[in-house]
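Student: Numbering of the sequence shown is given in my numbering, commencing with residue 756 and proceeding in unit increments. Each residue gets a CB set at the ideal place from its N, CA and C atoms; glycine is no exception. Structure in structure tokens, see below.
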Amino acid sequence: MSLLRVRDVTMRFGGLTANDHVSFDVEAGAIHAVIGPNGAGKTTLFNIISGFLAPTEGDVLFDGRSVVGLAQHAVASLGLVRTYQLVQLFKDLTVAENVRVGFHRVTRGGIGAALLRPAWARAQEREVTDKTAELLEFVGLSAQADSKADALPYGQQRLLEVARALAASPKLLLLDEPAAGLNVQETANLADTIERVNARGVTVLLVEHDMSLVMRVARRISVLDFGRKIAEGTPEEIKTNPEVLAAYLGGTEAAA
Ligand SMILES: Nc1ncnc2c1ncn2[C@@H]1O[C@H](COP(=O)(O)OP(=O)(O)OP(=O)(O)O)[C@@H](O)[C@H]1O
Ligand SMILES: [Mg+2]
């Protein structure tokens, strides 16, 4: 069953076509990667899927319903949650507080609940505290719970972003270049985490340049080049696809 259907999506910025009639499906339960050279349109596509941009043409169906035109928080509340290409943590909050922020959309509350602290609000707070601890354990950051997010090494900040995204109980998690800036060890650790997230029943769609990560975790890969989808298949098929090799060799980076 397809959890996400991207249908003929085109995005034009003035004269530039960032996405050109892109279609693909993400199967429920999959780890699916979108790859392509710099400027191929990967982040633009994520911006459209997550409701940050409305496409010029085309449609995005999540769980069978169109999410085009919905605000980002509305898309997130359906279970489609993303992280960003550049780390976006609250630097002055602690690691645990950053995860608590992720629960925001699934908890009720407001100023009244904070001041009067009715029984349900206290119960909910305890639940958030427990789940926060569980998520920090899951990504291996329990010992850093009370550190400022800013004080974490970059690799751990990436894991914290994953924990915060999981707090929103996603059905589909979009990761935009989660391994950017990570060393080999941190990348391997991230790959483990992505596989464990997937094993919890979360479908994963990731954009990534690090081919060691993509080839290890992705079961299916869609390739963009100059906004167009030029190939799709298993890691084995993509590795040997002549058009994909040409796109990478012709670009500014090698398919390392
Ligand atoms: N808001 C915007 N306005 C105008 N042009 C944009 C905008 N966003 C992206 N673009 C252009 O669209 C093209 C695709 O950009 P995008 O960021 O989607 O690429 P990408 O595949 O994510 O690249 P990278 O691998 O470097 O992150 C680029 O030429 C970019 O300059
Ligand atoms: Mg990008």
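So does Q879 have its beta carbon nearer than 7 Å to some heavy atom of ligand 1?
Tutor: The count along the sequence shown starts at 1 and reaches residue 879 at position 124. Q879 Cβ: outside cutoff for every heavy atom of ligand 1.
Student: Any chance the CB of L771 is under 7 Å from a heavy atom of ligand 1?
Tutor: Your numbering for residue 771 matches position 16 in the sequence shown. Yes, the beta carbon of L771 sits closer than 7 Å to at least one heavy atom of ligand 1.
Student: According to DSSP, is T765 helix, strand or coil?
Tutor: As a position in the sequence shown, residue 765 is number 10, starting the count at 1. It is a strand residue.
Student: According to DSSP, is R1023 helix, strand or coil?
Tutor: No answer is possible for residue 1023: it lies beyond the span of the chain, which begins at 756 and ends at 1011.
Student: Taking any heavy atom of ligand 2 as the mark, which residues have a C-beta closer than 7 Å to it, listed down the chain?
Tutor: Residues flagged by the Cβ proximity filter: K797, T798, Q840, D931, E932, V962.
Student: Would you tell me roughly how many angstroms separate the C-alpha atoms of L1012 and G857, rounded to the nearest one?
Tutor: This structure cannot speak to residue 1012, because the chain is shown only from 756 to 1011.
Student: Which residue's Cα is closest to the Cα of H859: A954, Q899, A923?
Tutor: On the sequence shown, residue 859 is found 104 positions in, with the first residue counted as 1. Cα-wise, what sits closest to H859 is A923.
Student: Restricting to Cα atoms, I'd like to know which of R760, L759, M766 is closest to G982.
Tutor: Walking along the sequence shown from the start, residue 982 turns up at place 227. Closest by alpha carbon: M766.
Student: Quick check: is any heavy atom of ligand 1 less than 7 Å from the C-beta of N853?
Tutor: Within the sequence shown, numbered from 1, the residue matching residue 853 stands at position 98. Outside the cutoff, so no.
Student: Restricting to Cα atoms, I'd like to know which of L825, N944, R975, K903 is closest to V959.
Tutor: Indexing the sequence shown from 1 puts residue 959 at position 204. Comparing Cα positions, the closest option is R975.
Student: Where does H1037 land, buried or exposed, given buried means 16+ other C-beta within 10 angstroms?
Tutor: The chain is shown only over 756 to 1011; residue 1037 falls outside these bounds and no answer can be derived.
Student: Report yes if the CB atom of T942 is closer than 8 Å to the CB atom of D965, and no otherwise.
Tutor: Position 187 of the sequence shown holds residue 942. Position 210 of the sequence shown holds residue 965. Taking 8 Å as the Cβ cut-off, T942 and D965 qualify as a contacting pair.
Student: Please indicate yes or no: does the CB of G794 lie closer than 7 Å to some heavy atom of ligand 1?
Tutor: Here residue 794 is taken as the residue at index 39 of the sequence shown, counted from 1. Yes - ligand 1 has a heavy atom lying nearer than 7 Å to the Cβ of G794.
Student: What do you reckon, is the C-beta of G791 under 7 Å from a heavy atom of ligand 1?
Tutor: Numbered from its first residue, the sequence shown carries residue 791 at position 36. Correct: G791 has its Cβ closer than 7 Å to ligand 1.
Student: Ligand 1 and F768: does the residue's C-beta get closer than 7 Å to at least one heavy atom of that ligand?
Tutor: Mapped onto the sequence shown, residue 768 falls at position 13. Indeed, a heavy atom of ligand 1 lies less than 7 Å from the Cβ.
Student: With a threshold of 16 other CB atoms inside 10 Å of the CB of A898, please say whether the residue is buried or exposed.
Tutor: Sequence index remark: in the sequence shown, residue 898 carries index 143 (1-based). Its Cβ having fewer than 16 others within 10 Å, A898 is exposed.
Student: Buried or exposed: G791, going by 16 or more other Cβ atoms within 10 Å of its Cβ?
Tutor: On the sequence shown, position 36 is the one that residue 791 refers to. By the neighbour-count rule (16 or more Cβ atoms within 10 Å), G791 is buried.
Student: Using CA coordinates, which residue listed in A973, Q840, D818, V854 is at the minimum distance from L833?
Tutor: Here residue 833 refers to the residue found at position 78 when the sequence shown is read from its first residue. Of the candidates A973, Q840, D818, V854, the one whose C-alpha sits nearest the C-alpha of L833 is D818.
Student: Can you give the Cα-Cα distance for V917 and L771, rounded to whole angstroms?
Tutor: Locating residue 917 in the sequence shown gives position 162, counting from the first residue. Locating residue 771 in the sequence shown gives position 16, counting from the first residue. Their backbone Cα atoms lie some 32 Å apart in a straight line.
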